[in-house]
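Down below is the structure, laid out as structure tokens.
In this note's numbering, the protein residues as written are 103 to 380.
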């Protein structure tokens, strides 16, 4: 019983050279309370007043969530539409998806950076997956499986192909919601300022971390395929990808010449980003 109430300590007195046991009461350890990691959801927008309310409605106000909307100079009511959500921070930026996402990352305070397109919908189940990833020390980067809306057969086939590409080659695109640890994102230098900024980041990222594909699929808008045509949109995406891969091959083959866009006089790669002190 004594062992349950006290612990022995021994004290040596120089005057009598006697060792006397001193009883100290045991103090129960204080519970370790750890706050969940902060997650920053960054949304680049330009003239998205119609799509934005539905996107923001799926993002709850929570202590561990930070929602940052980065407007690239919209001429519609995008800025005002975002103002209806008090938990959403609004930031102005020069236009350009890569520039806007870099601006949002610099303004973010979260340990996990989540880049969400304005026409991609996520809900509580996706937020739960983000929280689980943020709490996993082995998670460095990832994206969600892709789902396209409306659920037409052709769009389902496109989404299936995108998910197959992501699994086999580790190449998710931006409409799959790219997710990176803050330190890793800034170590990579952020997004480039020209398209395809998402593919460029993922290719650089794969050298340092393995991308994890999260579920369930997000609901991304299929409007560009519906309005611009399936073949035209798919062909344009492939051309962007092939051009970018060719430019990377050029840079790798002739590194002394620098980036191919710089050789052409159109260099638009982002400078190395340095986050502000917390």
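Where a beta carbon is used, it is the ideal one built from N, C-alpha and C, also for glycine.
Original post:
Hey, out of 282, 245, 324 and 331, whose CA is closest to residue 310's CA?
Top reply: Numbered from its first residue, the chain shown carries residue 310 at position 208. Nearest of 282, 245, 324 and 331 to residue 310, Cα basis: 282.
Subject >> Rounded separation between residue 284 and residue 214 - CA only >> reply: The count along the chain shown starts at 1 and reaches residue 284 at position 182. The count along the chain shown starts at 1 and reaches residue 214 at position 112. Each residue's alpha carbon lies about 6 Å from the other.
**OP:** Could you tell me which of 222, 180, 178 and 325 sits nearest to residue 248, measuring between CA atoms?
**Re:** Your numbering for residue 248 matches position 146 in the chain shown. Answer by Cα proximity: 222.
**OP:** Kindly list the residues whose CB is nearer than 8 Å to the CB of residue 251, restricted to its own chain and excluding five residues on each side of it in sequence; keep chain order.
**Re:** As a first step, residue 251 is located in the chain shown; it is residue number 149 there, counting from the start. Taken in chain order, the residues that qualify are 223, 257, 321, 322, 323 and 324.
Original post:
Which full runs of the beta strand (DSSP E) of 3+ residues lie inside the stretch 308–332, going along the chain?
Top reply: 313–323
Original post:
Roughly how far, in whole angstroms, is the beta-carbon of residue 295 from the beta-carbon of residue 201, given that I think they are within contact range, below 8 Å?
Top reply: By 1-based counting over the chain shown, the position of residue 295 is 193. By 1-based counting over the chain shown, the position of residue 201 is 99. Sure, about 5 Å apart at Cβ, within 8 Å.
**OP:** Quick one: measure Cβ to Cβ for residue 227 and residue 318, integer angstroms, because I've assumed they're closer than 8 Å.
**Re:** As a first step, residue 227 must be located in the chain shown, where it is residue number 125. As a first step, residue 318 must be located in the chain shown, where it is residue number 216. About 6 Å separates the two Cβ atoms, so the contact holds.
Original post:
residue 196: which of 220, 137 and 147 sits nearest, CA to CA?
Top reply: Locating residue 196 in the chain shown gives position 94, counting from the first residue. Taking only the C-alpha atoms, the option nearest residue 196 is 147.
Original post:
For residue 219 versus residue 263, is the C-beta spacing smaller than 8 Å?
Top reply: As a first step, residue 219 must be located in the chain shown, where it is residue number 117. As a first step, residue 263 must be located in the chain shown, where it is residue number 161. The answer is no: Cβ separation not under 8 Å.
**OP:** Give the straight-line distance between the Cα atoms of residue 173 and residue 338, rounded to the nearest whole angstrom.
**Re:** Position 71 of the chain shown, counted from the start, is the residue given in the question as residue 173. Position 236 of the chain shown, counted from the start, is the residue given in the question as residue 338. Each residue's alpha carbon lies about 25 Å from the other.
Subject >> Candidates 286, 328 and 268, of which the one nearest residue 241 by Cα >> reply: For the purposes of this step, residue 241 is taken as the residue at position 139 of the chain shown. When each option's Cα is compared against that of residue 241, the closest is 286.
**OP:** Please determine, among 211, 157, 331 and 299, the residue with the shortest C-alpha to C-alpha distance to residue 199.
**Re:** Numbered from its first residue, the chain shown carries residue 199 at position 97. Checked all of 211, 157, 331 and 299; the closest Cα to residue 199 is 299.
Original post:
From residue 132 to residue 265, what does the alpha carbon distance come to, in whole angstroms?
Top reply: Position 30 of the chain shown holds residue 132. Position 163 of the chain shown holds residue 265. Reliability fails at residue 132, whose pLDDT of 49 lies under 50, so the model's placement of it is uncertain and no value is given.
Original post:
Exposed or buried, residue 157, counting other C-beta atoms within 10 Å across all chains shown (16 or more means buried)?
Top reply: Here the question's residue 157 lines up with position 55 in the chain shown. With 16 or more Cβ atoms within 10 Å of its Cβ, residue 157 is classed as buried.
**OP:** Quick one: residues in its chain with C-beta nearer than 7 Å to the C-beta of residue 332, no 5 flanking neighbours on either side, listed in chain order?
**Re:** For the purposes of this step, residue 332 is taken as the residue at position 230 of the chain shown. 256, listed in sequence order.
**OP:** Rank 154, 217, 191 and 179 by C-alpha distance to the C-alpha of residue 292 and give the top, closest one.
**Re:** Position 190 of the chain shown, counting from 1, holds the residue named residue 292. Selected option, being the one with the closest Cα: 217.
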